[in-house]
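**Q** There's a structure below that I have some questions on.
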Amino acid sequence: MLAGGLGPAPVVGGAVPEFVTEFVGRRAELRELRELLGSHRVVTVIGVGGVGKTRLAVQTAVELRRGFADGVRVVELASLRNPALLPQAVFDGLGLGHRDQPDRSAVDALVEYVRTRHLLIVLDNCEHVLEAAARFVDDVLHATSRVHFLATSREVLNLPGERITVLHPLSTKGPATDLFESRARDVVPGFTVDDSNRAAVQRVCERLDGLPLAIELACARLRVLSVHELADRLSDGIDLLSTRVRAGPERHRNLQAAMAWSHELCTREQQLLWARVSVFAGGFDTRAAEAVCADDELPVAEVLDCLYDLVGKSILQREESRGRVRFRVLETIREFGQALLSPEESERLHRRHLEWCAGLVTESVRRWFSDDQFAISERLRANLANVRTALETALEWSPDTAAELVSAPWFLWACGLSAREHAMWLARALETPDLVPERRAAVLGALGLVRTMQGYQEAADPIVAEALALHPDDPVAVAFALDAQGLGAFFCGDHPEAERLLTESLARYESVRGIREDLPCAVRVHLGMLCCFDGRTAQAQEFFDDVRARCEQVGERWMLSYAVFGQGLVAVTEERYTDAIALARESLGLKRHFEDSVGTPLAVELLGWAEAGADSAERFAVLIGASSVLWRAFGQQLYGSAQWMARRERFATRARSGLGNAAFESAMRRGAAMGVPELLDFALSDGGGTDREPADTGALAVLSRREREVARHLVAGRTNRQIAEALVLSHRTVEGHVEHILQKLRLDNRSQVAAALVSSQT
Numbered sequence: 006m007l008a009g010g011l012g013p014a015p016v017v018g019g020a021v022p023e024f025v026t027e028f029v030g031r032r033a034e035l036r037e038l039r040e041l042l043g044s045h046r047v048v049t050v051i052g053v054g055g056v057g058k059t060r061l062a063v064q065t066a067v068e069l070r071r072g073f074a075d076g077v078r079v080v081e082l083a084s085l086r087n088p089a090l091l092p093q094a095v096f097d098g099l100g101l102g103h104r105d106q107p108d109r110s111a112v113d114a115l116v117e118y119v120r121t122r123h124l125l126i127v128l129d130n131c132e133h134v135l136e137a138a139a140r141f142v143d144d145v146l147h148a149t150s151r152v153h154f155l156a157t158s159r160e161v162l163n164l165p166g167e168r169i170t171v172l173h174p175l176s177t178k179g180p181a182t183d184l185f186e187s188r189a190r191d192v193v194p195g196f197t198v199d200d201s202n203r204a205a206v207q208r209v210c211e212r213l214d215g216l217p218l219a220i221e222l223a224c225a226r227l228r229v230l231s232v233h234e235l236a237d238r239l240s241d242g243i244d245l246l247s248t249r250v251r252a253g254p255e256r257h258r259n260l261q262a263a264m265a266w267s268h269e270l271c272t273r274e275q276q277l278l279w280a281r282v283s284v285f286a287g288g289f290d291t292r293a294a295e296a297v298c299a300d301d302e303l304p305v306a307e308v309l310d311c312l313y314d315l316v317g318k319s320i321l322q323r324e325e326s327r328g329r330v331r332f333r334v335l336e337t338i339r340e341f342g343q344a345l346l347s348p349e350e351s352e353r354l355h356r357r358h359l360e361w362c363a364g365l366v367t368e369s370v371r372r373w374f375s376d377d378q379f380a381i382s383e384r385l386r387a388n389l390a391n392v393r394t395a396l397e398t399a400l401e402w403s404p405d406t407a408a409e410l411v412s413a414p415w416f417l418w419a420c421g422l423s424a425r426e427h428a429m430w431l432a433r434a435l436e437t438p439d440l441v442p443e444r445r446a447a448v449l450g451a452l453g454l455v456r457t458m459q460g461y462q463e464a465a466d467p468i469v470a471e472a473l474a475l476h477p478d479d480p481v482a483v484a485f486a487l488d489a490q491g492l493g494a495f496f497c498g499d500h501p502e503a504e505r506l507l508t509e510s511l512a513r514y515e516s517v518r519g520i521r522e523d524l525p526c527a528v529r530v531h532l533g534m535l536c537c538f539d540g541r542t543a544q545a546q547e548f549f550d551d552v553r554a555r556c557e558q559v560g561e562r563w564m565l566s567y568a569v570f571g572q573g574l575v576a577v578t579e580e581r582y583t584d585a586i587a588l589a590r591e592s593l594g595l596k597r598h599f600e601d602s603v604g605t606p607l608a609v610e611l612l613g614w615a616e617a618g619a620d621s622a623e624r625f626a627v628l629i630g631a632s633s634v635l636w637r638a639f640g641q642q643l644y645g646s647a648q649w650m651a652r653r654e655r656f657a658t659r660a661r662s663g664l665g666n667a668a669f670e671s672a673m674r675r676g677a678a679m680g681v682p683e684l685l686d687f688a689l690s691d692g693g694g695t696d697r698e699p700a701d702t703g704a705l706a707v708l709s710r711r712e713r714e715v716a717r718h719l720v721a722g723r724t725n726r727q728i729a730e731a732l733v734l735s736h737r738t739v740e741g742h743v744e745h746i747l748q749k750l751r752l753d754n755r756s757q758v759a760a761a762l763v764s765s766q767t
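In structure tokens:
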């Protein structure tokens with residue numbers, strides 16, 4: 006398949022999250038953390054659950070943004086269940102793409118990127134992966150000089166040089182009361198603490214021991230209780246409730262008691278849903294909750310109302326992005342919900358969760374090659390933590406399901422899962438006993454493909470050979486393995502063998518009625534690249550044009566980015582460098598929306614070659630400096646292929662002679678220091694020194710022709726019904742187009758479309 010499609014998960018980490026509620030108190034602690042981080046490289050905030058560690062760390066990050074030249078990043082670890090994936094979570098949080106080498110540590114790859122940067126990384130919720138977090142931080146600290154860490158945990162990391170801030174509950178006489186007033190005002194507009202209610206507010210804060218999370222849970226009750234009623238009920242009930250929660254420090258017991266009190270104030274249906282959603286990791290949407298949590302006790306028709314009620318009670322957090330609503334559960338509240346489940350109920354829910362995830366992946370595979378591709382990619386990316394949880398469940402209870410989950414969607418790297426992690430899950434699936442032959446063959450084929458793309462051909466060859474031998478009667482499995490084998494032969498320079506294998510792969514795919522179109526299209530792209538390197542550019546052009554037409558016919562965009570890349574490769578080979586620049590930039594514009602951090606270096610490489618051909622030597626050096634880092638992060642440079650490297654060197658020689666060694670090396674270093682967003686901004690810019698026609702790389706590049714028409718009507722301010730009449734479409738069809746436009750442009754509402762389109766054309 007294609008060597009591309011990786012991208013970071015957008016929810017787990019990255020840019021500093023924004024809170025909708027006011028930050029209250031903790032000014033002394035903020036000053037302390039700012040001072041500590043100014044002189045020390047690792048600071049850990051410790052405290053009991055619910056004391057406000059995350060909020061304090063994020064606020065610190067917000068206030069220190071300008072103090073770190075290369076920014077601050079927050080990496081949320083609460084949903085991480087496998088400590089081995091902690092480095093990958095950091096890559097996601099840094100927005101770097103993925104580091105995918107089996108023969109060098111993930112830490113080495115990260116260090117390569119951050120070595121010279123001045124950066125603050127916040128690791129939130131380290132306690133359940135404490136050893137892995139400590140080892141990771143220690144390794145990075147020793148290998149860099151300007152990377153700082155701020156960690157939150159219930160325990161210290163125990164690292165040399167670590168500075169500790171112990172976060173205590175809020176003082177009940179001042180800050181706790183201020184927090185109560187702020188959160189109460191969110192529930193009851195205009196609420197103030199005055200002489201008439203101050204004593205009651207202080208009673209509440211004292212009974213909850215000043216714990217912020219407990220106070221926020223209590224304030225949610227003000228929708229139905231006065232502050233005096235709240236204080237009376239809490240005072241009457243919390244001692245009794247405390248006897249029913251698990252043992253632990255007194256303050257932690259009081260938090261547990263506050264949650265138990267909130268639980269008792271829920272209806273039976275709300276209680277069931279609270280407990281059941283604890284099976285999710287990293288969040289969920291309404292459809293997921295209905296699929297996993299509904300039964301005779303909790304009818305599906307009541308799930309939506311219960312979700313609404315639990316948001317109102319501050320048990321769930323509602324998040325909306327690009328017109329989609331998801332729900333998250335704070336880790337402390339999720340743990341409480343898990344404790345409410347019996348072992349039998351927990352197993353039943355995990356099996357239902359696995360069934361739902363399997364359905365999500367199966368449907369994604371079925372619909373991948375379509376104009377719904379952006380939505381599919383984003384939904385899978387948003388649910389990666391759930392997929393990981395389901396894979397752990399499947400490996401224990403249903404290995405064949407695990408094998409299907411990681412092998413059928415070969416495009417998982419276009420949905421946020423790195424090739425490194427993909428290979429890990431594939432290897433774990435192979436370790437399970439008694440896999441049926443067709444499942445084992447599929448897993449072997451997928452693993453062989455990943456290793457081939459990384460340039461580790463010696464590792465890939467025996468894997469692919471076993472896949473071919475294991476299930477020779479399955480035309481799809483054989484075609485998949487032949488494609489991987491042919492791609493490997495191409496990278497190794499054996500063109501006759503590569504053409505034979507790829508041609509046979511394509512023939513086998515085409516013999517299967519109803520074959521998924523993404524599979525044969527990938528082979529056509531590989532054949533096109535082979536023809537291009539053989540100098541048969543007319544034949545190569547036919548392959549790429551064919552794939553482009555198939556993609557545009559259905560509105561597919563990810564495979565299209567490779568077809569466009571191929572057309573640019575033909576243009577470079579034919580020395581049509583202006584055309585090649587436009588096509589490479591068009592490909593990058595498409596890949597940008599998928600955060601395709603493996604296909605991105607391929608397109609950046611092509612753009613660099615085209616720039617060198619057009620005598621833009623400095624731009625070539627910057628682009629190749631950047632792409633070299635991205636290739637090295639993924640695996641071998643240019644698939645470990647001597648012929649690909651020779652082509653790069655030919656253009657490098659030309660650019661170096663025109664620019665001079667010192668300027669060339671300086672430009673290379675500039676590119677190597679770029680992050681992916683900065684690189685893409687540079688690559689997609691016009692360069693300032695040419696008369697080129699700008700490529701359509703912005704918003705319009707990711708829309709189908711029909712969606713562009715609809716978008717222009719949106720800019721004109723027309724309603725869906727008016728658009729339907731103008732374009733002679735059904736109202737429902739227009740609604741679908743509008744939804745797709747918002748998803749593809751990553752917008753929240755239609756009013757933002759005009760700005761996006763104008764920005765794309767400036």
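Remember, the numbering used here sits 5 above the position in the sequence shown when you count from 1. The beta-carbon is built from N, C-alpha and C at its ideal position, and this holds for glycine as well.
How is Asp144 classed by DSSP in three states: helix, strand or coil?
**A** Stepping through the sequence shown from its first residue, residue 144 is reached at position 139. It is helical.
**Q** Hey, how far is the Cα of Cys298 from the Cα of Arg755?
**A** Residue mapping note: residue 298 aligns to position 293 of the sequence shown, counting from 1. Residue mapping note: residue 755 aligns to position 750 of the sequence shown, counting from 1. A straight-line Cα-Cα distance of about 33 angstroms links Cys298 and Arg755.
**Q** Do you know how far the Cα of Ser592 is from the Cα of Arg529?
**A** Here residue 529 corresponds to residue number 524 of the sequence shown, with the count starting at 1. Here residue 592 corresponds to residue number 587 of the sequence shown, with the count starting at 1. Looking at the two C-alpha atoms, the distance is approximately 17 angstroms.
**Q** Just how far apart, CA to CA, sit Phe96 and Leu115?
**A** Here residue 96 refers to the residue found at position 91 when the sequence shown is read from its first residue. Here residue 115 refers to the residue found at position 110 when the sequence shown is read from its first residue. So the alpha carbons of these two residues sit roughly 7 angstroms apart.
**Q** Could you check the C-alpha separation between Arg60 and Gly676 for me, to the nearest Å?
**A** Counted from its first residue, the sequence shown places residue 60 at position 55. Counted from its first residue, the sequence shown places residue 676 at position 671. One C-alpha to the other measures close to 35 angstroms.
**Q** Please check the pair Thr542 and Val575, which I expect to be a contact at CB under 8 angstroms, by giving their CB distance rounded to whole angstroms.
**A** If you number the sequence shown from 1, residue 542 lands on position 537. If you number the sequence shown from 1, residue 575 lands on position 570. That pair is a contact at about 5 angstroms.
**Q** Which one or two residues does DSSP pair with Arg331 in a beta bridge?
**A** Counting from 1 along the sequence shown, the entry for residue 331 is found at position 326. Bridge partners of Arg331: Glu324.
**Q** Taking Arg397 as the reference, which of Arg659, Ile169, Phe416 and Thr437 has the closest Cα?
**A** Within the sequence shown, residue 397 is the residue found at index 392, counting from 1. Residue identity check: residue 397 is Glu in the sequence provided, not Arg. Of Arg659, Ile169, Phe416 and Thr437, the residue nearest in Cα terms is Thr437.
**Q** Label Tyr313 either buried or exposed according to how many other C-beta atoms from any shown protein chain fall within 10 Å of its C-beta, with 16 as the threshold for buried.
**A** As a position in the sequence shown, residue 313 is number 308, starting the count at 1. Under a 10 Å Cβ-count criterion, Tyr313 is classified as exposed, with fewer than 16 other Cβ atoms of the shown protein chains found around its own Cβ.
**Q** Suppose the cutoff is 8 angstroms on Cβ atoms and the five residues either side in sequence are ignored; what does the same chain contact list for Leu431 look like?
**A** Within the sequence shown, numbered from 1, the residue matching residue 431 stands at position 426. Excluding sequence neighbours, Leu431 sits near Val411, Ser412, Val448, Ala451, Leu452 and Val455.
**Q** Whole angstroms is fine: what's the gap from Val559's alpha carbon to Leu507's?
**A** In the sequence shown, the residue the question calls residue 559 occupies position 554. In the sequence shown, the residue the question calls residue 507 occupies position 502. In a straight line, the C-alpha of Val559 is about 25 angstroms away from that of Leu507.
**Q** Starting from Ile126, follow its DSSP beta bridges and name the residues at the other end.
**A** Here residue 126 refers to the residue found at position 121 when the sequence shown is read from its first residue. Ile126 is bridged to Arg78 and Phe154.
**Q** Tell me, to the nearest whole angstrom, how far the beta carbon of Glu616 is from that of Ile586; I am working on the premise that it is less than 8 angstroms.
**A** Looking up residue 616 in the sequence shown gives position 611. Looking up residue 586 in the sequence shown gives position 581. That belief holds up - the Cβ atoms of Glu616 and Ile586 are roughly 7 angstroms apart, short of 8 angstroms.
**Q** Between which two residues does the alpha helix (DSSP H) containing Thr272 stretch?
**A** Counted from its first residue, the sequence shown places residue 272 at position 267. Element bounds for Thr272: n/a, residue is neither H nor E.
**Q** Can Ile629 and Gly613 be called in contact, C-beta distance under 7 angstroms?
**A** Your numbering for residue 629 matches position 624 in the sequence shown. Your numbering for residue 613 matches position 608 in the sequence shown. Result yes, Cβ atoms of Ile629 and Gly613 sit closer than 7 angstroms.
**Q** Give a yes or no on whether the minimum CB-CB distance between Pro88 and chain D is below 7 angstroms.
**A** Of the protein chains in the structure, only one exists, and it is not chain D.
**Q** Starting from the C-beta of Ile126, find all residues in its chain whose C-beta is less than 6 angstroms away, skip the five residues before and the five after it, and write them out in chain order.
**A** Working through the sequence shown from its first residue, we reach residue 126 at position 121. The residues are Arg78 and Phe154.
**Q** Under the rule that 16 or more other beta-carbon atoms within 10 Å means buried, what is Pro404, buried or exposed?
**A** Within the sequence shown, numbered from 1, the residue matching residue 404 stands at position 399. Classification of Pro404: buried, given that the 10 Å Cβ count is 16 or more.
**Q** If you measure between the beta carbons of Ala631 and Leu595, is that distance less than 7 angstroms?
**A** The residue you call residue 631 lines up with position 626 of the sequence shown. The residue you call residue 595 lines up with position 590 of the sequence shown. Not in contact: Ala631 and Leu595 (Cβ atoms no closer than 7 angstroms).
**Q** I need the DSSP call for Leu175, collapsed to helix, strand or coil.
**A** Mapped onto the sequence shown, residue 175 falls at position 170. Coil.
**Q** Three or more C-beta pairs closer than 8 angstroms, one from the stretch 320-337 and one from the stretch 281-288: is that the case here?
**A** yes
**Q** If you drop the 5 nearest sequence neighbours on each side, which residues of the same chain put their C-beta closer than 7 angstroms to that of Gln757?
**A** As a working note, residue 757 is residue 752 in the sequence shown. Closer than 7 angstroms at the Cβ level, and outside the excluded window around Gln757, lies no residue.
**Q** Which residue from Ala262, Asp300, Phe548 and Gly680 puts its Cα closest to that of Thr337?
**A** Your numbering for residue 337 matches position 332 in the sequence shown. Checking every option, the nearest Cα to that of Thr337 belongs to Ala262.
**Q** Roughly how many whole angstroms lie between the Cα atoms of His147 and Leu222?
**A** On the sequence shown, position 142 is the one that residue 147 refers to. On the sequence shown, position 217 is the one that residue 222 refers to. A direct Cα-Cα distance of roughly 42 angstroms separates His147 from Leu222.
**Q** Please state the DSSP three-state secondary structure of Thr658.
**A** For this step, residue 658 is matched to residue 653 along the sequence shown. DSSP places Thr658 in helix when its eight states are reduced to three.
**Q** Just mark Lys318 as buried or exposed, buried being the case when its beta carbon has 16 or more other beta carbons within 10 Å.
**A** The residue you call residue 318 lines up with position 313 of the sequence shown. With 16 or more other Cβ atoms within 10 Å, it is buried.
**Q** Is the beta carbon of Arg190 sitting closer than 7 angstroms to the one on Val48?
**A** To locate residue 190, count along the sequence shown from 1; it is residue 185. To locate residue 48, count along the sequence shown from 1; it is residue 43. No, they are not a contact pair.
**Q** Short check: CB of Ala486 to CB of Val469, under 7 angstroms?
**A** What you label residue 486 is simply residue 481 of the sequence shown in a count that begins at 1. What you label residue 469 is simply residue 464 of the sequence shown in a count that begins at 1. Cβ distance < 7 angstroms, so Ala486 and Val469 count as in contact.
**Q** Under three-state DSSP, which class holds Ile169?
**A** If you number the sequence shown from 1, residue 169 lands on position 164. Reduced to three states, the DSSP call for Ile169 is strand.
**Q** Tell me which same chain residues have a C-beta within less than 6 angstroms of the C-beta of Thr394, skipping the five on either side of it?
**A** The count along the sequence shown starts at 1 and reaches residue 394 at position 389. Scanning its chain for C-beta atoms nearer than 6 angstroms, with the 5 sequence neighbours on each side dropped, one finds around Thr394 the residues Ala286, in chain order.
**Q** Just list the residues that DSSP pairs Val50 with in beta bridges.
**A** Position 45 of the sequence shown, counting from 1, holds the residue named residue 50. In DSSP, Val50 forms a bridge with Thr157 and Thr170.
**Q** Taking the DSSP output, what are the residues bridged to Phe289?
**A** Taking the first residue of the sequence shown as position 1, residue 289 is located at position 284. Note: Phe289 sits in a beta bridge opposite Phe332.
**Q** Hey, could you find the ends of the alpha helix (DSSP H) Trp614 is sitting in?
**A** Working through the sequence shown from its first residue, we reach residue 614 at position 609. That run of the alpha helix (DSSP H) goes Gly604 to Gly618.
**Q** Note down the Cα distance separating His745 from Ser150, rounded to an integer number of angstroms.
**A** Counting from one through the sequence shown, the residue named residue 745 turns up at place 740. Counting from one through the sequence shown, the residue named residue 150 turns up at place 145. Spanning the two alpha carbons is a distance of roughly 45 angstroms.
**Q** Please report the straight-line C-alpha distance between Phe548 and Leu532, rounded to a whole angstrom.
**A** As a first step, residue 548 is located in the sequence shown; it is residue number 543 there, counting from the start. As a first step, residue 532 is located in the sequence shown; it is residue number 527 there, counting from the start. Whole-angstrom Cα-Cα distance: 7 angstroms.
**Q** Please say whether Leu359 and Ala280 have beta carbons closer to each other than 7 angstroms?
**A** Residue numbering aside, residue 280 sits at position 275 when the sequence shown is read from its first letter. Residue numbering aside, residue 359 sits at position 354 when the sequence shown is read from its first letter. Not closer than 7 angstroms, so no.
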